[in-house]
């Protein structure tokens with residue numbers, strides 16, 4: 001049985017050596033986050049689930065030939081995004097639906113009420129969530145990938161298929177907008193971004 005505290009790169013190496021427990025550990029670790037990301041890219045939640053499962057199935061099928069990625073998290077997110085984009089493109093061709101580039105990133109930032117006992121903190125978190133949800137879809141997606149998925153700018157750029165400067169600009173514009181309209185102390189905003197993201 002694989003230890004869930006192993007670094008992702010070690011789990012990946014174990015998977016390459018046919019370790020089913022490591023594969024299960026990786027699946028359990030990332031499935032919820034990948035499903036949430038997939039659902040943010042398409043209104044077809046069944047499609048999102050299928051694409052996450054296909055990503056994991058492909059890893060198992062081609063495990064011996066896969067190189068260890070620099071970031072397993074970024075690799076998995078990119079795999080789900082690519083599959084959804086391909087399926088939406090195929091559906092668009094056959095059914096005239098929109099592709100992933102035309103869609104809105106629909107992840108809704110919501111306060112974790114069960115973790116917030118202080119009413120003032122709850123109000124500030126709700127204010128932050130309102131501001132985040134008012135941002136353009138691409139800025140929301142970049143902030144989600146940076147703070148929710150802990151990806152660096154290069155990983156965000158690859159995943160969103162933009163250059164690193166564009167990814168940095170999206171993050172900068174999103175945070176700048178939030179700072180401009182934030183009501184309250186700036187140190188509180190910084191704390192909320194770190195803690196509740």
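In full-length UniProt numbering, the protein residues as written are 1 to 197. By construction, the Cβ of each residue, glycine as well, lies at the ideal position given by its N, Cα and C atoms. Note that this is a predicted model, so its numbers are computed, not measured.
Alpha-carbon to alpha-carbon, residue j and residue i
i, j, result
"residue 28", "residue 130", "31 Å"
"residue 119", "residue 132", "20 Å"
"residue 142", "residue 149", "10 Å"
"residue 21", "residue 5", "13 Å"
"residue 67", "residue 83", "19 Å"
"residue 140", "residue 182", "16 Å"
"residue 15", "residue 33", "20 Å"
"residue 60", "residue 17", "11 Å"
"residue 157", "residue 173", "15 Å"
"residue 54", "residue 64", "17 Å"
"residue 51", "residue 175", "31 Å"
"residue 113", "residue 126", "Note on residue 113: pLDDT 49, under 50, position unreliable in the model; the coordinate value appears next. Each residue's Cα considered, the two are about 9 Å apart."
"residue 121", "residue 163", "36 Å"
"residue 35", "residue 19", "23 Å"
Contact set for residue i: own chain, Cβ-Cβ below 8 Å, skip 5 residues either direction
i, result
"residue 159", "74, 77, 78, 81, 145 and 151"
Residue from the options with nearest C-alpha to residue i
i, options, result
"residue 56", "45, 41, 179 and 30", "30"
"residue 69", "10, 139, 163 and 4", "10"
"residue 167", "39, 60 and 155", "155"
"residue 47", "157, 16, 60 and 86", "86"
"residue 13", "147, 62 and 171", "62"
"residue 137", "52, 90, 170 and 49", "170"
"residue 128", "180, 165, 35 and 23", "180"
"residue 88", "165, 44, 71 and 186", "44"
"residue 72", "42, 7, 90 and 37", "7"
Where residue i sits in the DSSP three-state scheme
i, result
"residue 125", "helix"
"residue 6", "coil"
"residue 120", "helix"
Own chain partners of residue i with C-beta closer than 6 Å, once the 5 adjacent residues on each side are dropped
i, result
"residue 26", "11"
"residue 96", "Bear in mind that the predicted position of residue 96 carries a pLDDT of just 46, short of 50, making it unreliable; the figure below should be weighed with that in mind. Hits under 6 Å: none found."
Contact set for residue i: own chain, Cβ-Cβ below 7 Å, skip 5 residues either direction
i, result
"residue 102", "Model confidence at residue 102 stands at a pLDDT of 49, short of 50, so the residue's coordinates are unreliable; what they give is reported in the following sentence. Same-chain partners within the cutoff: there are none."
"residue 177", "135"
"residue 23", "15 and 60"
- [ ] Return the chain-ordered ranges of every alpha helix (DSSP H) run that is complete within the UniProt domain "RNA polymerase sigma-70 region 2" (26–91) and spans a minimum of 4 residues.
- [x] 45–61
- [ ] Quick one: which unbroken alpha helix (DSSP H) runs of 4-plus residues sit fully inside the region 125–183? Chain order, please.
- [x] 137–143, 153–160 and 164–181
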